[in-house]
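Novice:
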Amino acid sequence: MRLYNFMQPQVVDELRCAASKIHISFDGWTVKGGKRGFFGIVAHFATAEGDLRDVAIDLPQLSGAHTGDRIADCVAETLQKFNITAQNVGYFMLDNAFNNDTAIATLGAKFGFKSKHRRLRCSAHTINLVGQSIIFGSNKDAFNNDENLAEEEKYLNEWRKQGPLGTLIDVISYIKTPQQYDMFANFQRLARQDLPADDDAKFQILEPVKPCVTRWNSFCSAFERAVLLQPAFNSYVCFYVEQQRVADSHARTKNNKKPQAPAWMRSKGLTAADWAVITEYIEVLKPLKDATKRLEGRGKCGRFGAIYEVIPVFEFLMGRFEQRLRQYERVDFEQREAPEDHISINFRAAWEKLNDYYSKLDDSPAYFAACALHPYYRRYCEKAWRDKPEWLVACMADFRALWAEYTTSTPPTKPSKERDNGAIDEAISYIISDSEDDDELTDEYDRWRKLEPKWTSKQHNSPNVDGNPIKYWVQLQSKYPDLSRFAIDVLSIPASSCDGSNLRSLTRSRAIQSRATLAVGPCEE
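The sequence shown begins at 1 in the UniProt record's numbering and counts up by one.
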């Protein structure tokens with residue numbers, strides 16, 4: 001606790017000197033055993049130098065039900081403790097839980113902001129839900145058994161209903177003892193014995209990836225590793241299928257009951273058609289996996305994991321999903337060679353979920369503003385939505401309304417022109433005034449759009465300061481004082497609330513129960 005009390009004034013001072021508003025993400029969880037409930041709160045902001053900061057500022061214990069009002073009280077107490085006021089509190093990046101909606105509505109009433117505008121949805125969490133729809137289908141809750149289903153066999157029974165995916169996960173789950181790992185490693189060596197001696201893969205032994213029930217991307221990784229080790233998996237499965245066949249035959253001859261065994265040991269194993277289905281799922285999930293990596297972590301220069309990436313990434317996903325849906329529409333699933341129809345059914349459910357959450361981006365002007373104020377993405381929406389002009393009109397209206405909240409400068413007065421130099425000057429003046437005079441653009445946003453060059457792809461992808469949009473606006477502060485303040489506020493918002501999730505993982509992995517230890521610093525990036 002002494003460390004916490006020592007560090008708090010330093011964090012308060014750092015927040016006070018921030019160049020942006022203080023954006024907040026938070027997440028609540030219960031430690032194993034259910035004895036303690038924690039609530040991690042992380043602040044996100046930009047420094048005066050243009051660097052992004054993500055700092056864990058508090059880890060209070062949250063007693064009782066995690067209702068929206070209870071969460072709001074807890075967050076408000078922390079904001080007050082760190083001198084985060086109505087003037088400098090920013091946006092809230094949270095997962096899609098309903099109690100978060102209630103919490104931000106309560107905080108909005110308390111701090112005087114529009115809750116619908118400030119309540120942002122974690123993009124990585126949204127993609128996780130979409131991925132779950134692809135793997136689990138519309139009944140994904142049946143598999144959300146990290147804590148609710150204590151018996152592993154019940155979990156596996158649910159998965160067995162899902163065809164090749166369930167069989168594969170069943171096999172992977174069976175490999176859990178030193179003896180099973182050794183046996184699987186031996187099958188890898190047998191599968192690779194014909195490789196050239198100088199091939200590194202000949203001697204590389206890999207373990208199966210164990211999926212986490214609540215993380216779809218871990219299933220994708222499990223499928224990818226399995227395809228890589230397909231010969232070893234086939235040999236491993238065939239060994240146990242044959243062993244079980246012999247055991248069952250022996251039991252029949254003795255009129256004994258068949259010995260207990262996992263269902264896959266009495267199956268035909270993993271056929272070529274099964275592996276084709278698994279590969280199809282990998283191809284379907286890969287765009288989601290790439291999108292998650294891009295949105296969940298912030299790079300040093302803020303190029304990834306920032307809110308201005310959300311609309312472009314969602315547009316990319318929507319395009320890929322719609323393209324694949326068109327392919328499935330042309331498939332006759334009655335044909336023997338056709339892929340399993342549950343792929344297209346699950347994929348359509350995933351597209352509907354993705355489309356639903358993409359529509360929710362309209363609730364806040366921050367997403368569009370982040371694109372509009374980024375030197376590389378500033379014309380992205382205009383080009384991506386050419387066939388949807390009504391989207392652009394609505395978003396631009398919300399953007400202008402938000403921009404008006406930052407406009408404080410008095411437009412410069414236009415000096416009167418001398419009119420006593422005769423007809424020549426009058427004619428010249430007429431020609432010049434017929435075109436827009438750059439100096440007469442009084443709106444900083446319009447002036448920036450007209451005068452400042454758009455970033456090239458090379459500038460945007462630059463790993464140094466040149467590719468940092470926050471530092472870009474810091475350098476333009478004297479030229480565009482109001483617009484730079486607006487831009488830095490918006491561009492410093494993270495695209496996901498993964499810092500809160502990382503804080504949860506840190507707490508669980510270290511089994512730390514002390515608030516003083518975790519309240520400041522460990523999750524600072």
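Yeah, the Cβ is synthetic: ideal placement off N, Cα and C, and Gly gets one too.
Since I believe residue 94 is in contact with residue 26 (beta carbons under 8 Å), could you give me their beta-carbon distance rounded to a whole number of angstroms?
Specialist: Contact annotation, residue 26 with residue 94: C-beta distance approximately 7 Å; criterion of less than 8 Å satisfied.
Novice: What span of residues does the alpha helix (DSSP H) with residue 167 cover, start to end?
Specialist: 164-174
Novice: So what does residue 121 bridge to, in DSSP terms?
Specialist: Here residue 121 is bridged, per DSSP, to 94.
Novice: Start and end of the beta strand (DSSP E) containing residue 53?
Specialist: 52-58
Novice: Taking only three categories from DSSP, how would you classify residue 18?
Specialist: Residue 18 falls in the coil class under three-state DSSP.
Novice: Give the single residue among 84, 39, 50 whose Cα lies nearest to the Cα of residue 62.
Specialist: 39
Novice: Start and end of the beta strand (DSSP E) containing residue 316?
Specialist: Careful: residue 316 lies outside any beta strand (DSSP E), inside the alpha helix (DSSP H) at 310-329.
Novice: Can you tell me whether DSSP reads residue 542 as helix, strand or coil?
Specialist: With the chain covering only 1 through 525, there is no way to say anything about residue 542.
Novice: Identify every residue that forms a DSSP beta bridge with residue 28.
Specialist: By DSSP's assignment, residue 28 forms a beta bridge with 39.
Novice: Is the CB-CB distance between residue 289 and residue 129 below 9 Å?
Specialist: no
Novice: Skipping 5 residues on each side, what residues in its chain have a beta carbon closer than 6 Å to that of residue 377?
Specialist: 308, 371
Novice: With DSSP run on the structure shown, which of helix, strand or coil describes residue 9?
Specialist: helix
Novice: Run through the region 453-481 for me and flag every whole alpha helix (DSSP H) of 4 or more residues, listed as ranges in chain order.
Specialist: 457-460, 469-475
Novice: Is it the case that the Cβ atoms of residue 175 and residue 222 are separated by a distance below 9 Å?
Specialist: Cβ distance not < 9 Å, so residue 175 and residue 222 don't count as in contact.
Novice: Alpha carbon to alpha carbon, how far is residue 347 from residue 267? Give it in angstroms, no decimals.
Specialist: 27 Å
Novice: Would you kindly work out how many angstroms separate the C-alpha atoms of residue 134 and residue 369, rounded to a whole number?
Specialist: 31 Å
Novice: According to DSSP, which residues form a beta bridge with residue 45?
Specialist: 53
Novice: Exposed or buried, residue 212, counting other C-beta atoms within 10 Å across all chains shown (16 or more means buried)?
Specialist: Within 10 angstroms of the beta-carbon of residue 212 lie fewer than 16 other beta-carbons, which makes it exposed.
Novice: Between the C-alpha atoms of residue 167 and residue 342, what's the straight-line distance to the nearest angstrom?
Specialist: 15 Å
Novice: Which word fits residue 170, buried or exposed, when buried means at least 16 other C-beta atoms lie within 10 angstroms of its C-beta?
Specialist: buried
Novice: Using the C-alpha atoms, what's the distance from residue 496 back to residue 24?
Specialist: 11 Å
Novice: When DSSP labels each residue in this structure, what does residue 389 get in the three-state scheme?
Specialist: helix
Novice: For residue 342, name the three-state secondary structure that DSSP assigns.
Specialist: helix
Novice: Taking buried to mean at least 16 other C-beta atoms within 10 Å of its own C-beta, is residue 100 buried or exposed?
Specialist: buried
Novice: Please classify residue 2: does DSSP put it in a helix, a strand, or coil?
Specialist: helix
Novice: For residue 276, is the classification buried or exposed, using 16 other Cβ atoms within 10 angstroms of its Cβ as the cut-off for buried?
Specialist: exposed
Novice: Helix, strand or coil: how does DSSP classify residue 87 here?
Specialist: DSSP places residue 87 in coil when its eight states are reduced to three.
Novice: Using DSSP with H/G/I as helix, E/B as strand and the rest coil, what is residue 494?
Specialist: strand
Novice: Buried or exposed: which applies to residue 151, given that a residue is buried once 16 or more other Cβ atoms fall within 10 Å of its Cβ?
Specialist: Bear in mind that the predicted position of residue 151 carries a pLDDT of just 48, short of 50, making it unreliable; the figure below should be weighed with that in mind. Exposed, since its Cβ has fewer than 16 Cβ neighbours within 10 Å.
Novice: Taking a contact to mean a Cβ-Cβ separation below 9 Å, would you say residue 367 touches residue 120 in this structure?
Specialist: With a cutoff of 9 Å on beta-carbon distance, residue 367 and residue 120 are scored as near each other.
Novice: Taking the alpha carbon of residue 486 as the point to measure from, which residue in 265, 185, 254, 445 has its own alpha carbon closest?
Specialist: The alpha carbon of residue 486 has as its nearest neighbour, out of 265, 185, 254, 445, the alpha carbon of 445.
Novice: Check the DSSP bridge columns for residue 250 and list the partner residues they point to.
Specialist: Bridge partners of residue 250: none, in fact.
Novice: Can you check DSSP and say which residues form a bridge with residue 23?
Specialist: DSSP, once it has assigned bridges, lists 44 as partnering residue 23.
Novice: Reducing DSSP to helix, strand and coil, say where residue 65 ends up.
Specialist: coil
Novice: Quick one: using the 10 Å Cβ neighbour count with 16 as the cut-off for buried, is residue 384 buried or exposed?
Specialist: buried
Novice: Please state whether DSSP places residue 384 in a helix, a strand or coil.
Specialist: Reduced to three states, the DSSP call for residue 384 is helix.
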